[in-house]
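**Q** In this note's numbering, the protein residues as written are 53 to 598.
First the structure, then my questions, so here it is.
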């Protein structure tokens, strides 16, 4: 890359960074990260090992020395960027398209590669701001609550060494998804979520219950150690064995909250040398991020895909160019004056009624989907109605398939800029309630064919499970779409909730009734109450706009 092209990329990055830092959304993200940094020093999140001794689960946790907090904070930053970073960074290209900046950019000599590299640099700058906030919060709180001397080199250095390469990789992968037409929206959000889960669990799943020590870890497992669980485990496992020589679990650290009521054994780790392979691993993830930014230039088209003037092959462009050369004069000569059209005036603005509006909102929700989505909905209907598939399986699928539908609620009117017309009407709340009712019908249709055996078997208690889900999902989708003005907030929250609840069978998070353990409990009632509160928040949002 020439020096002039690099300086242009830096200017693109600077402009995008300034635009991001003017947004309150980034400030909210930084505030959340600061809170997470505090939680690291009070034991909410931790790096730990886990084993079973005499049938009881034992957690092995480190004392909160500065090196240990540096590792834990670095893992937290890596986890945050891997799981959430895409949803934080994905707005750059979308904003440029929605504001028309991409068309303005097309009139300049800035190349696609330069523009995307500049955007990647902007993403990396945001990543650095997030990690600096996280490290600063951990540094301050360790000085107050930590054990031993506060070492900024271990805390700040650990955060950036572990998490910054993850951010570089996520920044590049974000550009690839956002540059691909079919992956810019909900499909890309879903693909990234499951891809991040797969990358996160790849190393741990490969090691499994291997107790052969760090020397038994395959090379490829170290190569795909995305957030540093293998590296940090290799550094701290000797300190663990010094207090628990009976430990026979894998030499890979865990991360999270651990067990609630299990036994906790502490060990002290005061630092040590980083494994040489870990530096190569981090460099590889950083370079992969740059490579992905360059790969994004292949599917990227700065014009809208629907713009006929820029689509197609060179032959297509030549065919459009040739007739335009020969027909220019005739087109000018055949131009006619526009005819006067008489339109029937609208005499009654209250005509139509709620039913007609409900039908239109329902059409907006379900039309325009790819053919495979309708095919999948038909399969869910047939299989669910047969009642031969276990409820855990069919309910999990039925609870995720309409994600494309729900994520547009609330957001659609904002995105298409029709909210001013709605709030200026005589009944500004009618559209809101019609949209919610349409979403509730879709929810009831999909979940109804999946949970009907539970409703028949449990009676009223089963109906409460179904009703709680119907209240919860469309209300939360509509409220988050209105208040956040984006699809991503609901999609991220819902994907995490669905992954933990219906898919993995965690009863307190099972809003859809995939497990029978929620029948007869307060869990469906709680989700229904959250739905009513969310619906009220949507009404408040509309009231503030009127």
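Virtual Cβ for every residue (Gly too), placed ideally from N, Cα, C.
Please read these numbers as outputs of a predicted model, since none were measured by experiment.
Could you say which of 122, 553 and 533 lies nearest to residue 521 if we only look at CA atoms?
**A** In terms of CA proximity to residue 521, 553 leads the group 122, 553 and 533.
**Q** What is the DSSP secondary structure of residue 148, reduced to helix, strand or coil?
**A** helix
**Q** Residue 469 and residue 142 look like a contact to me (Cβ under 8 Å); what is the Cβ gap, rounded to whole Å?
**A** Rounded, the Cβ-Cβ distance is 21 Å, inconsistent with contact.
**Q** Is residue 502 near residue 582, with beta carbons less than 7 Å apart?
**A** no
**Q** Can at least three beta-carbon pairs, one atom from the region 542-557 and one from the region 504-518, be found at a separation below 8 Å?
**A** Touching, no, given that fewer than three Cβ pairs across the two stretches are closer than 8 Å.
**Q** As a quick exercise: from 58, 111 and 129, pick the residue whose alpha carbon is nearest that of residue 173.
**A** 58
**Q** Tell me, please, which residues DSSP counts as bridged to residue 108.
**A** 105
**Q** Count the C-beta pairs between the region 147-154 and the region 197-217 that are closer than 8 Å, then say yes if the count reaches three, no if not.
**A** no
**Q** Is DSSP giving residue 167 helix, strand or coil here?
**A** helix
**Q** Quick one: Cα of residue 69 to Cα of residue 175, how far?
**A** 8 Å
**Q** Considering Cα atoms alone, identify which of 425, 413, 440 and 479 is closest to residue 492.
**A** 413
**Q** Which residue spans inside the region 270-352 form an unbroken alpha helix (DSSP H) run of at least 4?
**A** Those alpha helix (DSSP H) runs which fall completely within the region 270-352 and span 4+ residues are 271-275, 281-295 and 328-347.
**Q** Below 8 Å on the Cβ atoms is my guess for residue 460 versus residue 319; work out the distance and round it to an integer in Å.
**A** Actually they do not touch by this definition, with Cβ atoms about 50 Å apart.
**Q** May I ask you to list the residues that DSSP assigns as paired with residue 113?
**A** 100 and 318
**Q** Exposed or buried, what is residue 566 when buried is set at 16 or more other beta-carbons lying within 10 Å of its beta-carbon?
**A** buried
**Q** Residue range of the alpha helix (DSSP H) that residue 138 falls in?
**A** 118-141
**Q** Are the CB atoms of residue 71 and residue 630 within a distance shorter than 7 Å?
**A** Residue 630 is absent from the model: the chain starts at 53 and stops at 598.
**Q** In the region 449-535, which residue ranges form an unbroken alpha helix (DSSP H) of at least 4 residues, counting only runs that do not cross its ends?
**A** Fully enclosed alpha helix (DSSP H) runs of 4 or longer: 455-458, 463-467, 471-475 and 480-510.
**Q** Closer than 8 Å is the cut-off here; do at least three beta carbon pairs connect the region 124-143 with the region 279-295?
**A** yes
**Q** Using the Cα positions of residue 329 and residue 169, report the straight-line distance between them to the nearest angstrom.
**A** 28 Å
**Q** What separation, rounded to the nearest whole angstrom, lies between the Cα atoms of residue 64 and residue 227?
**A** 15 Å
**Q** So residue 186 and residue 85 are supposed to be a Cβ contact under 8 Å. How far apart are they, rounded?
**A** 5 Å
**Q** Report the rounded CA-to-CA distance for residue 136 versus residue 409, giving the unit in angstroms.
**A** 36 Å
**Q** What separation, rounded to the nearest whole angstrom, lies between the Cα atoms of residue 350 and residue 249?
**A** 26 Å
**Q** Determine the contact status of residue 190 and residue 207, defining contact as a CB-CB distance below 7 Å.
**A** yes
**Q** CA-CA distance, residue 233 and residue 573?
**A** 44 Å
**Q** What is the rounded straight-line gap between the Cα of residue 222 and the Cα of residue 179?
**A** 10 Å
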